[in-house]
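Written below as structure tokens is the structure these notes are about.
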Amino acid sequence: MNTDEVLGIFREAGAVLEGHFILTSGLRSPVFLQKARVFMHADKTERLCKALAEKIRKAVPGRIDYVVGPAIGGLIPAYETSRHLGAPAIWAERSMMQA
Numbered sequence: 779m780n781t782d783e784v785l786g787i788f789r790e791a792g793a794v795l796e797g798h799f800i801l802t803s804g805l806r807s808p809v810f811l812q813k814a815r816v817f818m819h820a821d822k823t824e825r826l827c828k829a830l831a832e833k834i835r836k837a838v839p840g841r842i843d844y845v846v847g848p849a850i851g852g853l854i855p856a857y858e859t860s861r862h863l864g865a866p867a868i869w870a871e872r873s874m875m876q877a
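Residue numbers (our numbering): 779 to 877.
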């Protein structure tokens with residue numbers, strides 16, 4: 779799956795937003811990809827995650843032990859990608875501890 783195909787899926791889901799966005803990095807962007815709008819649709823999520831799993835298989839030699847996703851916003855794609863890789867999915871939370 780190429781970039782245009784991925785963007786096509788985001789457009790189909792109404793997930794390409796245009797406006798003025800302040801990103802978590804503090805940078806600003808005229809476009810924002812709202813991944814939650816894609817992950818509401820099982821068929822679109824499956825297509826994206828299957829393509830991602832295929833890229834991972836080509837790039838990572840050997841067995842994949844786990845697919846790790848962030849607890850906020852990453853549970854669904856981690857699960858779906860893990861399903862295509864035949865590996866368990868786990869999640870992680872951002873640590874709020876200070877060093």
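For every residue, glycine included, the Cβ atom is placed at its ideal position computed from N, Cα and C.
query, result
"Does the region 811-823 come close enough to the region 832-840 to have 3 or more Cβ pairs within less than 8 Å?", "no"
"Excluding the five sequence neighbours on either side, which residues of its own chain have a C-beta within less than 7 Å of the C-beta of Ala793, listed in chain order?", "Leu811, Gln812, Lys813, Arg815 and Val816"
"Glu796 to Ile787, Cα distance in whole Å?", "16 Å"
"The alpha helix (DSSP H) with Ile854 in it runs from where to where?", "Leu853 to Leu863"
"Can you grab the Cα-Cα spacing for the pair Ala865 / Thr859, in whole Å?", "9 Å"
"Bridge partners of Leu795, per DSSP?", "Phe810"
"Would the beta-carbon of Ile834 fall within 8 Å of that of Ile842?", "yes"
"So, with DSSP's three-state summary, where would you put Val838?", "coil"
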